[in-house]
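Number 380 in the numbering used here belongs to position 65 of the sequence shown; there are no gaps in the numbering. The beta-carbon is built from N, C-alpha and C at its ideal position, and this holds for glycine as well. If you're wondering where the values come from, they're calculated on a predicted model, not measured in any experiment.
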Amino acid sequence: MIYSFCRGLLRLIYKFLFRLEAKGIEHVPKEGGVLLCSNHISLFDPPTIGILLQRKVHFMAKKELFDIIGFGWLIKQLGAFPVKRGGVSKESIKTSLTLLRTGNVMGIFPEGTRSKGEDGAAGKRGAATFALRSNAAVVPVAIIGNYKLFKKMKVVYGAPIDMTPFMDKDVPDAAEKATDLIMSRIAELRIKNNEL
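As C-alpha cells, then:
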C-alpha cells in the first residue's frame, strides 16, 4: 500500500520535474526473479528505474540511511535493504539471492558507483554473480539524461540477456565474462537511445 502510494507520487514528481518517460517496459518479465542492471549517474537513479514499472523493485542502500529517523523506515517500506559501507556483507548477499530466488525484482548498478562519463565505469562482478546464482532474468537498463529540471529524461529497458553460456561451472572467468556482456548491453542501449 505504502509502496504503491509512493510510486504513484514519485511518478508525478519525476514526470513533472524531469519529464521522465520509459521505453521497452515490455522487456521486463511480469513474473519470476528479475535483476535490473543499470548505469548509475545520480542519487535519483533508483526511483528512475523502478517507478514506471508495475512490479516492486528492491535495492541495496547504505546502512547509514536506515539510521535516519523516519527516512530509514520509509525506504524499508519502499523495498530497500541495508548494505554496509565498504563492501557487500554476507547478510546483504543472502537477502539479494533470497529476493531473486523467490520471484522478486531487484535493481542494481553494476558499476558500484556513480559515473558521469559517457562510457561509464567498469562493471563489478556482483550483478553477474547474483544472476548466475539465482537464475534470475537479467534486464539491461539505460538511464539517459542529466536530471536538469524540466529537461527530458529517459529510461530504456532492453531484452533479457541470455546468461546460459555462463552457467556451466567449467566456463573459466564466467562472472567476469557475464559482467562484460551486461555492461556492453547497457552501453548499447545508451548509444541507440541517446537522443532525447
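Pro425 has no beta-bridge partner at all, per DSSP.
Assigned with DSSP and collapsed to three states, Phe396 falls in strand. Rounded to whole angstroms, Lys409 and Glu503 show a C-alpha spacing of 31 Å. Listed in chain order, the non-local C-beta contacts of Cys321 below 7 Å within the same chain comprise Leu393, local neighbours out to five positions each way being set aside.
Collapsing the DSSP output to three states places Ile476 in a strand. Residue nearest to Asn461 within the set Arg440, Asp360, Val343, Glu346 is Asp360 (criterion: CA-CA distance). Shown here, Pro487 sits in coil according to DSSP, grouped into three states, outside any helix or strand. For Phe445, the enclosing alpha helix (DSSP H) starts and ends at 441–449.
By the criterion of a C-beta distance shorter than 8 Å, Met316 is surrounded by no residue of its chain, once the five residues flanking it on both sides are discounted. In the displayed model, Ile366 falls within coil according to three-state DSSP, outside both helix and strand.
Within the model, the alpha-carbon separation for Val372 versus Asn354 is close to 16 Å. Within the DSSP secondary-structure output, Lys377 pairs in a beta bridge with Val398. In the DSSP assignment, Leu464 falls outside any beta strand (DSSP E), carrying neither H nor E. Look at Glu510 here: in three-state DSSP terms it is coil, with no helix or strand label. Rounded to whole angstroms, Lys345 and Arg370 show a C-alpha spacing of 8 Å. A Cβ-Cβ distance of about 7 Å is found for the pair Leu380 and Phe386, placing them in contact under the 8 Å criterion. For the pair Leu464 and Leu332, the CB atoms are nearer than the 7 Å cut-off.
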